[in-house]
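A.B. asks: Just so it is clear: in the sequence shown, position 194 is 200 by my numbering, and no numbers are missing.
All C-beta atoms, glycine included, are put in the ideal place defined by N, C-alpha and C.
Since the structure is predicted, the reported quantities are computational estimates derived from the model, not experimental observations.
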Amino acid sequence: MNAKLSVWGDPDEAARLLVGDIDGHGWLLERPRFDRWLRDVAQRRGAALAVATRLLGASRESTGWRVGLDVDGRRRSLTSKILIDATGRRAALGRRIAGRRTNDDRLIARWMRLEGESSEAGTTYVQADAEGWWYVAQTRNASTLAFFTDADLPAARRLADDRAFLEAAHHAGLTRRFGLATAVVNASGTRAAHSGTLDAISGTDWLAVGDAAASFDPIGARGLFTALFCGLAAAEACDRRLAADADALAYYGHVLQTILAAYRQERNAIYAAETRWPDMPFWRRRHALPAPATKVA
Ligand SMILES: Cc1cc2nc3c(=O)[nH]c(=O)nc-3n(C[C@H](O)[C@H](O)[C@H](O)COP(=O)(O)OP(=O)(O)OC[C@H]3O[C@@H](n4cnc5c(N)ncnc54)[C@H](O)[C@@H]3O)c2cc1C
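1) Tell me the residue span of the beta strand (DSSP E) that contains A53.
2) Starting from the Cα of V5, find the closest Cα among A252, M7, Y257 and H293 and give me that residue.
3) What's the call for W43, buried or exposed, on a 16-neighbour Cβ count within 10 Å?
4) Is the beta carbon of G122 closer than 8 Å to that of T188?
5) Following a CB-centred definition, is R106 positioned closer than 7 Å to any heavy atom of ligand 1?
6) How should E36 be labelled, buried or exposed, when 16 other C-beta atoms within 10 angstroms of its C-beta is the threshold for buried?
7) Select from I103, R290 and D27 the residue whose C-alpha is nearest the C-alpha of L159.
8) Of the choices C244, A241 and A134, whose alpha-carbon is the least far from that of A20?
9) For G202, count neighbouring Cβ atoms within 10 angstroms of its own Cβ and tell me buried if that reaches 16, exposed if not.
10) Just jot down, in chain order, the residues whose CB lies closer than 5 Å to any heavy atom of ligand 1.
11) Under 8 Å, Cβ to Cβ, is there at least one residue of chain C near G209?
12) Quick one: what's V73 bridged to in DSSP?
13) What is the C-beta distance between R197 and W117, in whole angstroms, given that I count them as a contact (C-beta under 8 Å)?
14) Around the Cβ of L204, are there at least 16 other Cβ atoms within 10 angstroms (buried) or fewer (exposed)?
Structure follows, in structure tokens:
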């Protein structure tokens, strides 16, 4: 990635060039390919992969967990000393074990993928709007266009229609800015993008990783980095737990709480920098987000 462009807090566009950036140049990921690569590496290192598999239930037994699975329509069961929930925002396992997942907001992403030559390949772009914010990412022959708003606000309903979405993008100046007039719609949809966390991220014999543990507003672009960090930290924590370190999983949970607190502080600061629509519900809610409960070191 070459640059991050933004119109935020000010009607003028600002550019942050990533050459020589202390955080590195950043990546525009083709997610299915990246996920396939990760799975291949895990398998080469000894992980057993079960595709088309759904969790049915988990119960504690004297020697560990018994997990019920639906594998391609057939019921299977397996045992394990430790369980890891990696099911994303759904937190399918953590919710059963820890109970609630609490969300900070109701953010959703209305997105569209367009094919056609790009004018700003290798960039991401963020533009604040009265009802939320726009996001554009361009590679050479494809663009991702998204609008982030709250699920219960009028924009979420209005922009659910592809034509209305494209008209709004045009009205926001994005069609011209990114040369999208002749681009062809390839796919579109809506996804949850809220911040949230499980009431407990770990217990004595289980833990959650990635979005299942804590999910982040994409404005901070922290989700994947934290999910990868979780993978490494969780592996070490499990290793120590199996070697009889009783505090290993609790320590992992504590580290994640610290990361979450730092994220909330950063997110609140980003939203505080945009003050042009103080009376619009989206921005009023962002400016009233609570400060993190855990102390940030
Ligand atoms: C619109 C949007 C934009 C984003 N932009 C960025 C960005 O710019 N930068 C960034 O770093 N992050 C971004 N993120 C966040 C990033 O996508 C996530 O943080 C990351 O995908 C988390 O990975 P994960 O593996 O924890 O969860 P996921 O990617 O959600 O994977 C969870 C997996 O669990 C499976 N699963 C769910 N339930 C079950 C079940 N019951 N049984 C079995 N399997 C199950 C799902 O099918 C899925 O394969 C964005 C997110 C959204 C929604």
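C.D. replies: Quick answer:
1) Within the sequence shown, numbered from 1, the residue matching residue 53 stands at position 47. No beta strand (DSSP E) holds A53; DSSP gives it neither H nor E.
2) Nothing about residue 5 can be reported from this structure: the residues present for the chain run from 7 to 303 only.
3) Position 37 of the sequence shown, counted from the first residue, corresponds to residue 43. W43 is exposed by the Cβ-count criterion.
4) As a position in the sequence shown, residue 188 is number 182, starting the count at 1. As a position in the sequence shown, residue 122 is number 116, starting the count at 1. Using a Cβ distance threshold of 8 Å, T188 and G122 count as a contacting pair.
5) Stepping through the sequence shown from its first residue, residue 106 is reached at position 100. For ligand 1, not one heavy atom lies less than 7 Å from the Cβ of R106.
6) For this step, residue 36 is matched to residue 30 along the sequence shown. Label assigned to E36: exposed.
7) By one-based count along the sequence shown, residue 159 stands at place 153. Selected option, being the one with the closest Cα: R290.
8) Here residue 20 refers to the residue found at position 14 of the sequence shown. Minimum Cα-Cα distance from A20 among the listed residues C244, A241 and A134 corresponds to A134.
9) Residue numbering aside, residue 202 sits at position 196 when the sequence shown is read from its first letter. Looking at its Cβ environment, which holds 16 or more other Cβ atoms inside 10 Å, G202 is buried.
10) R60, L61, T93, G94, R96, A98, A115, R197, A199, G216, D217, P224, A227, G229, L230 and A233
11) This model lacks chain C altogether; it includes just one protein chain.
12) Within the sequence shown, residue 73 is the residue found at index 67, counting from 1. Note: V73 sits in a beta bridge opposite A64 and L84.
13) Start at 1 with the first residue of the sequence shown, and residue 197 comes out as number 191. Start at 1 with the first residue of the sequence shown, and residue 117 comes out as number 111. About 7 Å; that satisfies the 8 Å criterion.
14) Translated into positions along the sequence shown, residue 204 becomes position 198. Buried.
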